[in-house]
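Going down the list, the sequences are from chains A and B.
Each residue of the first sequence is one higher than the last, beginning at 1 in this note's numbering.
Each residue of the second sequence is one higher than the last, beginning at 315 in this note's numbering.
C-beta: ideal position from N, C-alpha, C; glycine also.
To keep things clear, I will list the structure first and then write my remarks on it.
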Amino acid sequence: MASALLKPIPVIMDCDPGHDDAIALVLAHASPEIEILAVTTSAGNQTIDKTTLNARKVLSFLGSDVPVARGASKPLFRELIIAPQVHGESGLDGPTLPEPRLPESLLSAVELAAKTLRESDRQVTLVPTGALTNVAALLLAYPELKHKIERISLMGGSAVGGNWTPAAEFNILVDPEAAHLVFNSGIPVTMCGLDVTHQALVTRADTERFRAIGKRCSTMVAELMDFFVKFHEANFNFGGSPLHDPCAVAWLIDPTIFTARKAHVDVECRGRLTVGATVVDFSGKSGPMNVDVVTGLDLKRFIDMLDGALRRLD
Amino acid sequence: MKKRTILIDCDPGIDDAIALLMALAAPKLDVIGITSVGGNVGLEATTRNALSLATLAGKHVPVARGMDLALIAETKRAESVHGTDGLGGVRLPEPAYAAEKATAWEFIRDRAAEFPGELEIVAIGPLSNLAMALSAYPETRRRIKAIHLMGGSAGVGNATPAAEFNILADPHAAAAVFQSGVPITMFGLDVTNRATLSSAGLETIRAFGGRVIAPACAMLDHYLAAYRRFGRDTLALHDPLVVAWLLDPSLVTLQPYFVEVETDGRYTTGKTVVDLHGILKRSANAMVGVELDAERFIALMTKLLRSYDESGSAKDPGAGR
Numbered sequence: 001m002a003s004a005l006l007k008p009i010p011v012i013m014d015c016d017p018g019h020d021d022a023i024a025l026v027l028a029h030a031s032p033e034i035e036i037l038a039v040t041t042s043a044g045n046q047t048i049d050k051t052t053l054n055a056r057k058v059l060s061f062l063g064s065d066v067p068v069a070r071g072a073s074k075p076l077f078r079e080l081i082i083a084p085q086v087h088g089e090s091g092l093d094g095p096t097l098p099e100p101r102l103p104e105s106l107l108s109a110v111e112l113a114a115k116t117l118r119e120s121d122r123q124v125t126l127v128p129t130g131a132l133t134n135v136a137a138l139l140l141a142y143p144e145l146k147h148k149i150e151r152i153s154l155m156g157g158s159a160v161g162g163n164w165t166p167a168a169e170f171n172i173l174v175d176p177e178a179a180h181l182v183f184n185s186g187i188p189v190t191m192c193g194l195d196v197t198h199q200a201l202v203t204r205a206d207t208e209r210f211r212a213i214g215k216r217c218s219t220m221v222a223e224l225m226d227f228f229v230k231f232h233e234a235n236f237n238f239g240g241s242p243l244h245d246p247c248a249v250a251w252l253i254d255p256t257i258f259t260a261r262k263a264h265v266d267v268e269c270r271g272r273l274t275v276g277a278t279v280v281d282f283s284g285k286s287g288p289m290n291v292d293v294v295t296g297l298d299l300k301r302f303i304d305m306l307d308g309a310l311r312r313l314d
Numbered sequence: 315m316k317k318r319t320i321l322i323d324c325d326p327g328i329d330d331a332i333a334l335l336m337a338l339a340a341p342k343l344d345v346i347g348i349t350s351v352g353g354n355v356g357l358e359a360t361t362r363n364a365l366s367l368a369t370l371a372g373k374h375v376p377v378a379r380g381m382d383l384a385l386i387a388e389t390k391r392a393e394s395v396h397g398t399d400g401l402g403g404v405r406l407p408e409p410a411y412a413a414e415k416a417t418a419w420e421f422i423r424d425r426a427a428e429f430p431g432e433l434e435i436v437a438i439g440p441l442s443n444l445a446m447a448l449s450a451y452p453e454t455r456r457r458i459k460a461i462h463l464m465g466g467s468a469g470v471g472n473a474t475p476a477a478e479f480n481i482l483a484d485p486h487a488a489a490a491v492f493q494s495g496v497p498i499t500m501f502g503l504d505v506t507n508r509a510t511l512s513s514a515g516l517e518t519i520r521a522f523g524g525r526v527i528a529p530a531c532a533m534l535d536h537y538l539a540a541y542r543r544f545g546r547d548t549l550a551l552h553d554p555l556v557v558a559w560l561l562d563p564s565l566v567t568l569q570p571y572f573v574e575v576e577t578d579g580r581y582t583t584g585k586t587v588v589d590l591h592g593i594l595k596r597s598a599n600a601m602v603g604v605e606l607d608a609e610r611f612i613a614l615m616t617k618l619l620r621s622y623d624e625s626g627s628a629k630d631p632g633a634g635r
């Protein structure tokens with residue numbers, strides 16, 4: 001457990017709220033180990049209009065003044081695919097959130113990220129929990145700022161099978177070229193893919209435990225969970241709902257609750273059946289092993305971490 | 315007792331060799347033919363090896379030559395694992411007979427016509443011959459009872475990070491086989507990588523001695539050395555698992571899945587895309603091995619290889635089908 005004596009990790013959250021993105025934002029905001037410098041939004045779970053509004057609503061609800069900048073409305077080279085079945089028409093169906101207090105940043109996602117990196121006196125960690133469009137665009141537009149990025153802790157991909165197609169996980173599938181650029185950027189990456197997130201299963205009992213905390217934020221998160229659980233119960237047989245995005249934040253807060261293996265990762269952009277697949281090479285023969293592929297977690301400690309975070313917020 | 319009618323399509327190859335020797339020793343299996351394919355090594359070598367193995371086993375089983383090269387893709391070989399001759403340099407008896415005049419795909423067509431609804435094909439090499447037979451002779455499709463193949467993986471590959479060798483060696487053929495509608499049992503790396511034998515285990519088998527066990531263990535010495543060069547300390551008996559399962563289905567747990575093969579990925583060519591979560595909502599086209607009992611598998615393999623030296627079982631090479 002990181003002590004208060006250590007400086008918090010400065011992060012830029014790049015997200016497409018999205019129920020689990022929203023919970024990841026809550027976890028990051030609530031944790032003394034993390035300092036959110038900026039939030040940028042991507043399209044995927046819903047359109048950029050909706051994800052940007054949702055991000056602003058969540059931050060407003062949390063009482064945060066962190067700037068929110070709108071990202072690309074579509075992937076680098078492809079048409080957008082979205083996931084209304086999972087996240088609803090608004091992208092955050094479930095709780096009623098008040099209108100945001102603050103306007104969007106005048107800067108684009110890439111501009112705000114570049115500015116944040118330039119102005120930070122320390123290296124910054126990027127935490128993308130949606131498609132990797134903005135991150136790839138940042139690396140392409142400002143390669144001279146790469147050295148200011150300490151690590152990219154992302155939710156996406158899978159060594160074994162997908163969730164949107166049999167071979168591909170949704171975030172990577174939305175923008176495979178962007179993902180390939182990010183994984184091959186040379187920057188250290190923590191890949192919280194389905195290998196671990198399909199083990200990060202929250203049950204209805206966990207939802208009730210959060211609701212029983214009885215504060216504004218814990219109630220809001222419980223309501224997010226209620227909606228999110230519906231899709232997973234109808235379509236999968238996991239015995240719970242995988243809470244994907246918070247894993248990428250939780251790894252930064254306490255990597256000891258996870259297990260990971262080093263690998264080289266390429267992203268398939270061409271195969272008819274396998275576009276969006278993260279091809280994970282644990283042997284390292286195909287390239288530098290800059291990716292920590294997270295493969296397991298201590299579920300009890302993960303849920304306790306979320307519970308603790310929700311208790312700290314009102 | 316009604317024997318099962320079996321045709322083995324193979325590219326011996328050390329683990330193919332063990333699988334062949336097991337099948338030829340099994341009283342419950344009537345191996346009516348062997349078809350050779352280029353794969354681990356070239357067709358000339360795999361054909362000669364199949365003939366020599368049948369001769370070693372004392373069985374006159376017809377061997378028909380098939381495809382040397384993949385249907386469309388570039389040729390892949392695995393001499394680094396099996397040696398340039400395909401058997402790790404182990405000398406086997408000269409073949410007691412010659413290969414058939416018919417090609418492998420004509421042979422498969424003819425045997426399926428002879429045993430409609432009964433013929434089961436054990437496919438333990440690249441699937442080039444099967445794809446040829448199924449596309450050239452469409453009526454063959456309906457006549458084949460099942461294809462039990464060693465190939466693919468629901469997880470990571472071995473030849474490349476995404477693909478297992480047999481499927482990588484001819485991905486288009488594999489795609490055609492999985493699209494064919496013939497019932498498929500797929501023994502991929504998910505189970506075969508766990509069908510392991512250690513150096514100590516190999517010594518236990520070698521200690522039994524015998525006219526088949528001695529050369530089999532010599533081949534496995536070479537095979538284990540190759541695995542060690544790849545950083546493993548045990549060898550995996552991929553092809554033999556298929557034969558063992560035929561004789562004892564309780565050895566492997568199977569689950570039905572819809573499976574397709576990627577033929578044109580930059581990194582994923584040869585990947586068997588297994589729809590583990592039923593996302594596509596398509597009917598299953600294969601029973602896929604997911605769990606195995608490795609200890610009982612090794613015991614069954616050992617028993618079959620030893621049976622060549624049991625009294626009264628010196629097989630007459632003239633005793634065919």
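query                                                                                                                           : result
Proximity winner among Arg261/A, Arg209/A, Leu201/A, relative to glutamate 233/A (alpha-carbon distances)                       : Leu201/A
Supposed contact pair glycine 380/B and tryptophan 419/B - C-beta distance, whole angstroms, cut 8 Å                            : 7 Å
Residues near alanine 392/B by beta carbon distance below 7 Å, same chain, minus five either side                               : Asn354, Phe479
Contact with chain B by glycine 271/A, beta-carbon distance below 8 Å                                                           : yes
Beta-carbon proximity of valine 221/A to valine 26/A, cut-off 8 Å                                                               : yes
Enclosing alpha helix (DSSP H) for proline 84/A [first to last residue]                                                         : 84 to 87
Beta-carbon proximity of isoleucine 332/B to proline 554/B, cut-off 8 Å                                                         : yes
Closest residue to aspartate 266/A among Gln85/A, Gly276/A, Arg118/A, Ala30/A (Cα-Cα distance)                                  : Gly276/A
Spatially closest choice to asparagine 237/A from Asp547/B, Gly592/B, Ala364/B, by CA coordinates                               : Gly592/B
CB contact below 8 Å: threonine 274/A versus chain B                                                                            : yes
Closer than 9 Å at the beta carbon, the chain A residues around alanine 468/B                                                   : Val160, Gly161
Rounded C-alpha distance that separates alanine 69/A from lysine 57/A                                                           : 13 Å
Alpha-carbon spacing of glutamate 223/A relative to leucine 139/A, whole angstroms                                              : 36 Å
Distance, leucine 97/A Cα to aspartate 21/A Cα                                                                                  : 15 Å
Bridge partner(s) assigned by DSSP for threonine 125/A                                                                          : Val11/A, Arg151/A
Inter-residue spacing [alpha-carbon to alpha-carbon] between arginine 635/B and leucine 401/B                                   : Its pLDDT being 41, under 50, arginine 635/B is placed unreliably by the model, and the measurement read from it follows with that caveat. Whole-angstrom Cα-Cα distance: 26 Å.
Helix, strand or coil at glutamate 517/B [DSSP, three-state]                                                                    : helix
Closest residue to glycine 157/A among Ala137/A, Thr190/A, Ser185/A (Cα-Cα distance)                                            : Thr190/A
Beta-carbon proximity of leucine 503/B to glycine 545/B, cut-off 8 Å                                                            : no
Three-state class that DSSP yields for tyrosine 571/B in the structure shown                                                    : strand
Continuous alpha helix (DSSP H) stretch holding methionine 394/B: start and end                                                 : The question names methionine, but residue 394/B is serine in the sequence shown. Here the alpha helix (DSSP H) through serine 394/B covers 393 to 396.
6 Å CB neighbourhood of leucine 534/B in its chain, flanking five on each side removed                                          : Leu516
Proximity of lysine 155/A and alanine 248/A at Cβ, strictly below 8 Å                                                           : First, the amino acid is wrong: residue 155/A is methionine here, not lysine. Going by C-beta atoms, methionine 155/A is nearer than 8 Å to alanine 248/A.
Inter-stretch contact at 8 Å, needing at least 3 Cβ pairs: the segment 8 to 17 of chain A / the segment 50 to 67 of chain A     : yes
Short CB-CB distance (under 8 Å) between proline 176/A and chain B                                                              : no
Leucine 385/B versus serine 185/A: straight-line alpha-carbon distance, rounded                                                 : 37 Å
Beta strand (DSSP E) segments (min. 3 residues) lying fully within the segment 56 to 87 of chain A                              : 68 to 70
Neighbourhood of arginine 596/B by C-beta distance below 8 Å, restricted to the same chain and skipping five residues each side : Phe572, Asp589
Beta-carbon neighbours of valine 491/B, restricted to chain D and to distances below 7 Å                                        : In the structure shown, chain D does not exist; the protein chains are A and B.
Nearest-angstrom Cβ-Cβ length linking alanine 113/A and isoleucine 12/A, presumed shorter than 8 Å                              : 6 Å
Closer than 7 Å: isoleucine 213/A CB and nearest the ligand SAH heavy atom                                                      : Among the components modelled here there is no ligand, and therefore nothing to report on the ligand SAH.
Alpha carbon of asparagine 507/B to alpha carbon of alanine 387/B, nearest angstrom                                             : 25 Å
Cα-Cα separation, tyrosine 537/B to alanine 28/A                                                                                : 51 Å
3 or more residues per run - each beta strand (DSSP E) lying fully within the segment 439 to 476 of chain B                     : 460 to 464
Start and end residues, alpha helix (DSSP H) containing glutamate 111/A                                                         : 109 to 119
CB contact below 8 Å: alanine 83/A versus chain B                                                                               : no
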